[in-house]
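Peer 1: Can you keep this structure in mind? I'll have questions shortly.
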Amino acid sequence: MKKDEIILAQKEFIFPAVFHYYKEPLVIDHAKNQFVCDIDGKQYLDFFGGIVTVSVGHCNEEVNAKVRRQMDKLQHVSTCFANEPQVALAKKLASITPQKKLTKSFFTNSGTEANETAILTARCFTGNSEVIALRHSYHGRSALAMSLTAHSSWKLGGVTNPGIVHAVNAYCYRCPFGLTYPSCDVKCAQDMEETIRTTTSGKIAAFIAEPIQGVGGFITPPKEYFKITTDIVRKYGGLFISDEVQTAWGRTGGKWFGIEHWGVEPDMITSAKGLGNGAPVGLTIARPEVADSLKGLTISTFGGNPVTMTQAKAVLDFIDENDLKTNSAVVGEYMRDKFLELQKKYPLIGEVRGMGLLQALELVRDPKTKEPATKEIAALMERTRENGILVGKGGLYGNVLRISPPMNISKSDVDEFIQRLDKSLSEI
Ligand SMILES: Cc1ncc(COP(=O)(O)O)c(C=O)c1O
C-alpha cells in the first residue's frame with residue numbers, strides 16, 4: 002500500500018479514538034536498533050521507543066533469532082498446558098525481584114490486564130475491596146483500569162468502578178498543597194492517612210502506584226514519599242502494588258525496578274511494555290502467599306504464550322549480558338546534564354525530571370506562572386518530526402515532552418538527539 006492509501010484506510014477502518022501524534026499521521030515502515038524509518042524512507046532517531054517499550058532496540062538481532070527458533074518449535078498451547086519458555090521466564094523473574102521476595106508470576110498480554118490481575122488478587126488476599134490510587138496516574142484502559150487512572154482525558158465512557166479513591170501524588174513542580182520540598186515535610190505522603198480515614202471504610206485491599214508516573218509526565222516523587230505512604234497503607238490492611246509498566250527492566254538506571262530506588266518492598270509488581278520489547282506480555286508477580294490466595298479457575302488464552310515468553314526472557318538476558326541497567330544510569334545522567342543545559346537556554350523548559358533513560362521536560366509559557374505550554378508543544382512535536390527525532394508527549398495538561406529511548410543507546414546518540422532537539426526548540 003502507498004502512504005495515502007494507508008492513511009485513508011486508517012480513517013475508514015480504524016476506530017477514530019486511536020490517537021496519533023502530529024497533524025498528519027506518521028506512517029512507519031521499518032525499524033532497526035535506535036532508528037525508525039517512515040514509508041517515504043526518512044529516518045528518525047527513536048527517543049520514545051514505542052511508548053517506553055523498545056527496551057533493547059528495534060528488531061534486536063539476538064532476541065529475534067531466539068524468537069524465530071521458538072516460532073518454528075511451538076507457537077501456542079494456552080495456559081492449560083505447561084511449557085518451558087513460560088517457566089524459564091518465571092524462574093528468571095523470581096531471581097530479580099526486590100530481595101527475591103516476589104516469586105510467583107501470572108502472565109497476560111498487557112499492562113491493563115496485569116493491573117486487573119493484581120487488584121483481583123489483592124482483594125482475594127485481604128478480603129477487602131477498596132483501592133487507593135494516585136492522582137495523575139495511568140493504569141490502563143479496561144473499566145477497572147480507567148477507574149484507577151486519574152486523568153480525565155483517559156477515562157472514557159463515564160465508567161467509574163466503586164471503591165477506588167485517589168490520594169494526592171508527589172508533584173513537587175505543582176505541589177497540590179502549594180508547598181516546597183523539603184520544608185513541606187512531604188505533606189502529600191502524610192495525607193494518605195487522612196485519605197484512607199475520610200474516603201474509605203478504613204479497610205483497604207491495596208494501594209497501586211507507579212514509582213515514577215509515566216503518562217502523568219514522568220512525575221518523580223521525593224525519596225521519602227513511598228516509605229511514608231506504604232507504611233500508612235499497611236496499617237490499614239492494604240497491599241502495595243508497584244505498577245512498573247514503564248519503570249521496570251533497568252530503565253530508571255542501576256536497578257531492575259523503579260521501586261527499588263525508594264527503599265520499599267512491594268507485595269506485587271505489575272509490568273508489560275519493555276519486558277517484551279514489543280511482544281504483548283503482561284506480568285503480575287507476587288509474594289507466594291499473595292499469589293496463592295487467588296483461588297478458583299482463571300485463564301488467559303494467550304498469557305504465557307511460548308513465543309512471547311521466549312521474547313521476554315531473551316530481552317532480560319540481553320539486558321543482563323550487556324549491563325543495560327548501568328548503561329541507563331550512565332547515559333541517562335549524561336542526557337540529563339544536556340537537558341539542564343538546554344533549560345538554561347530555553348525558559349520554555351520549566352522542569353527537567355525523571356531517572357535514567359526515563360526523562361521529561363515540562364514546558365511552560367512562563368517559568369513563574371508555570372502556565373502549560375500546550376500550543377508550543379504541539380508546534381515542537383511537528384518540528385521534532387521534521388528534524389528526524391521521535392519523542393513522546395504527556396502530562397495532565399499535555400505539556401510534557403517524554404524521552405525514553407532504547408536502553409542500549411550510547412552517548413553519541415544522545416549528542417545527535419540533543420542537537421536536533423535544540424534545533425527544533427529554536428524553530429518554534
Ligand atoms: C503505568 C502504566 N500502567 C498500565 C498501562 C497499561 O498498559 P497497556 O497499554 O499495555 O494495557 C500503562 C500504559 O501506558 C502504563 O503506563
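Residue numbers (this note's numbering): 2 to 429.
For every residue, glycine included, the Cβ atom is placed at its ideal position computed from N, Cα and C.
With DSSP run on the structure shown, which of helix, strand or coil describes residue 205?
Peer 2: Translated into the one-based positions of the sequence shown, residue 205 becomes position 204. Strand.
Peer 1: Buried or exposed, going by whether 16 or more other CB atoms sit within 10 Å of the CB of residue 57?
Peer 2: Locating residue 57 in the sequence shown gives position 56, counting from the first residue. Buried.
Peer 1: Since residue 358 contacts residue 332 with CB under 8 Å, what's their CB separation in whole angstroms?
Peer 2: By one-based count along the sequence shown, residue 358 stands at place 357. By one-based count along the sequence shown, residue 332 stands at place 331. Going by Cβ atoms, the distance from residue 358 to residue 332 rounds to 7 Å, so yes, they are a contact pair.
Peer 1: Measuring straight from C-alpha to C-alpha, what distance separates residue 294 and residue 240?
Peer 2: For this step, residue 294 is matched to residue 293 along the sequence shown. For this step, residue 240 is matched to residue 239 along the sequence shown. Cα to Cα, residue 294 sits roughly 13 Å from residue 240.
Peer 1: Rounded to the nearest angstrom, how far is the Cβ of residue 400 from that of residue 353, given a contact under 8 Å?
Peer 2: In the sequence shown, the residue the question calls residue 400 occupies position 399. In the sequence shown, the residue the question calls residue 353 occupies position 352. So it is not a contact: roughly 14 Å between Cβ atoms.
Peer 1: By DSSP's criteria, residue 15 is part of a beta bridge. Which residues make up the other side?
Peer 2: Position 14 of the sequence shown, counting from 1, holds the residue named residue 15. None, per the DSSP bridge assignment.
Peer 1: Should residue 73 go down as buried or exposed, given a rule of 16 or more other Cβ atoms within 10 Å for buried?
Peer 2: By 1-based counting over the sequence shown, the position of residue 73 is 72. By the 10 Å Cβ count, residue 73 comes out exposed.
Peer 1: State the CB to CB distance for the pair residue 429 and residue 381, rounded to an integer number of angstroms; the pair is presumed to be in contact (CB under 8 Å).
Peer 2: Locating residue 429 in the sequence shown gives position 428, counting from the first residue. Locating residue 381 in the sequence shown gives position 380, counting from the first residue. Rounded, the Cβ-Cβ distance is 5 Å, consistent with contact.
Peer 1: Nearer than 6 Å: is that true of the beta carbon of residue 273 relative to any heavy atom of ligand 1?
Peer 2: As a position in the sequence shown, residue 273 is number 272, starting the count at 1. Checking the Cβ of residue 273 against ligand 1 gives yes.
Peer 1: Could you give the C-beta distance for residue 28 and residue 39, rounded to a whole number, given that I count them as a contact under 8 Å?
Peer 2: Within the sequence shown, numbered from 1, the residue matching residue 28 stands at position 27. Within the sequence shown, numbered from 1, the residue matching residue 39 stands at position 38. Indeed they touch by this definition, with Cβ atoms about 6 Å apart.
Peer 1: Taking only heavy atoms of ligand 1 into account, decide whether any of them is closer than 6 Å to the Cβ of residue 140.
Peer 2: Numbered from its first residue, the sequence shown carries residue 140 at position 139. True, at least one ligand heavy atom lies under 6 Å from that Cβ.
Peer 1: Express the C-alpha separation of residue 190 and residue 229 in angstroms, rounding to a whole number.
Peer 2: Start at 1 with the first residue of the sequence shown, and residue 229 comes out as number 228. Start at 1 with the first residue of the sequence shown, and residue 190 comes out as number 189. In a straight line, the C-alpha of residue 229 is about 6 Å away from that of residue 190.
Peer 1: What's the call for residue 140, buried or exposed, on a 16-neighbour Cβ count within 10 Å?
Peer 2: Your numbering for residue 140 matches position 139 in the sequence shown. Per the 10 Å Cβ criterion, buried.
Peer 1: What's the C-alpha gap between residue 117 and residue 132?
Peer 2: On the sequence shown, position 116 is the one that residue 117 refers to. On the sequence shown, position 131 is the one that residue 132 refers to. If you take the alpha carbons of residue 117 and residue 132, they lie about 12 Å apart.
Peer 1: I believe residue 287 touches residue 269 by the beta-carbon criterion, under 8 Å. Please report the beta-carbon distance rounded to the nearest angstrom.
Peer 2: By 1-based counting over the sequence shown, the position of residue 287 is 286. By 1-based counting over the sequence shown, the position of residue 269 is 268. The Cβ separation is near 4 Å, so the contact holds.
Peer 1: Less than 7 Å between the beta carbons of residue 273 and residue 51, yes or no?
Peer 2: As a working note, residue 273 is residue 272 in the sequence shown. As a working note, residue 51 is residue 50 in the sequence shown. Not a contact, by the Cβ cut-off of 7 Å.
Peer 1: Pairing CB atoms from the stretch 295-315 with CB atoms from the stretch 78-87, are three or more of them under 8 Å?
Peer 2: As far as the Cβ criterion goes, the stretch 295-315 touches the stretch 78-87, which means the pair count is three or higher.
Peer 1: Could you tell me if residue 161 is buried or exposed, where buried requires 16 or more neighbouring beta carbons within 10 angstroms of its beta carbon?
Peer 2: If you number the sequence shown from 1, residue 161 lands on position 160. Per the 10 Å Cβ criterion, exposed.
Peer 1: Per DSSP, what are the beta-bridge partners of residue 244 in this structure?
Peer 2: Translated into positions along the sequence shown, residue 244 becomes position 243. Bridge partners of residue 244: 271.
Peer 1: Hey, would you say the C-beta of residue 113 is under 6 Å away from at least one heavy atom of ligand 1?
Peer 2: If you number the sequence shown from 1, residue 113 lands on position 112. Yes; taking the cut-off as 6 Å, the Cβ of residue 113 has a heavy atom of ligand 1 nearer than that.
Peer 1: Does the contact criterion of 3 or more C-beta pairs under 8 Å hold for the stretch 309-323 versus the stretch 90-100?
Peer 2: The stretch 309-323, when compared against the stretch 90-100, does touch it at the 8 Å Cβ threshold.
Peer 1: Indicate whether the contact test is met: 3 or more Cβ pairs, each with one atom in the stretch 11-26 and one in the stretch 313-332, closer than 8 Å.
Peer 2: These segments do not touch.
Peer 1: Using 8 Å as the threshold, is the stretch 147-163 in touch with the stretch 411-421, meaning 3 or more CB pairs across them?
Peer 2: Touching, no.
Peer 1: How about residue 117: is its Cβ closer than 6 Å to a heavy atom in ligand 1?
Peer 2: Start at 1 with the first residue of the sequence shown, and residue 117 comes out as number 116. Residue 117: no, Cβ never under 6 Å from ligand 1.
Peer 1: Counting Cβ pairs, one atom from each stretch, are 3 or more of them under 8 Å apart for the stretch 207-218 and the stretch 178-186?
Peer 2: The stretch 207-218 vs the stretch 178-186: no contact.
Peer 1: Between residue 64 and residue 246, is the Cβ-Cβ spacing less than 7 Å?
Peer 2: Counting from 1 along the sequence shown, the entry for residue 64 is found at position 63. Counting from 1 along the sequence shown, the entry for residue 246 is found at position 245. In this structure, residue 246 does not lie closer than 7 Å to residue 64 by Cβ.
Peer 1: Helix, strand or coil for residue 375? Go by DSSP, reduced to three states.
Peer 2: Against the sequence shown, residue 375 aligns to sequence position 374. Of the three classes helix, strand and coil, the one that applies to residue 375 here is helix, per DSSP.
Peer 1: Just verifying my parser: in three-state terms, what is the DSSP assignment at residue 310?
Peer 2: Here residue 310 refers to the residue found at position 309 of the sequence shown. Here residue 310 sits in helix by DSSP.
Peer 1: Which value, in whole angstroms, describes the spacing of the CA atoms of residue 235 and residue 204?
Peer 2: As a working note, residue 235 is residue 234 in the sequence shown. As a working note, residue 204 is residue 203 in the sequence shown. About 10 Å.
Peer 1: Measure the Cβ-Cβ separation of residue 143 and residue 151 and say whether it is below 7 Å.
Peer 2: Here residue 143 refers to the residue found at position 142 when the sequence shown is read from its first residue. Here residue 151 refers to the residue found at position 150 when the sequence shown is read from its first residue. For residue 143 and residue 151, no; Cβs fall outside 7 Å.
Peer 1: On the premise that residue 408 lies in contact with residue 251, defined as a C-beta separation below 8 Å, what is that separation, rounded to the nearest angstrom?
Peer 2: Here residue 251 refers to the residue found at position 250 of the sequence shown. Here residue 408 refers to the residue found at position 407 of the sequence shown. Between residue 408 and residue 251 the Cβ distance is about 6 Å, and since that is below 8 Å, they are a contact.
Peer 1: Where does residue 343 sit, in a helix, a strand or coil, going by DSSP?
Peer 2: Looking up residue 343 in the sequence shown gives position 342. Three-state result, residue 343: helix.
Peer 1: With distances taken Cα to Cα, identify the nearest neighbour of residue 196 among 164, 224, 95 and 424.
Peer 2: Taking the sequence shown and counting its residues from 1, one reaches residue 196 at position 195. Here the closest residue by C-alpha is 164.
Peer 1: Verify the contact flag: residue 246, CB atom, against every heavy atom of ligand 1, threshold strictly below 6 Å.
Peer 2: Indexing the sequence shown from 1 puts residue 246 at position 245. Yes, Cβ of residue 246 sits closer than 6 Å to a heavy atom of ligand 1.
Peer 1: What residues match up with residue 105 in a beta bridge as DSSP calls it?
Peer 2: Within the sequence shown, residue 105 is the residue found at index 104, counting from 1. Its beta-bridge partners are 287.
Peer 1: Sorry if obvious, but does the Cβ on residue 215 come closer than 6 Å to a heavy atom of ligand 1?
Peer 2: Translated into positions along the sequence shown, residue 215 becomes position 214. Checking the Cβ of residue 215 against ligand 1 gives yes.
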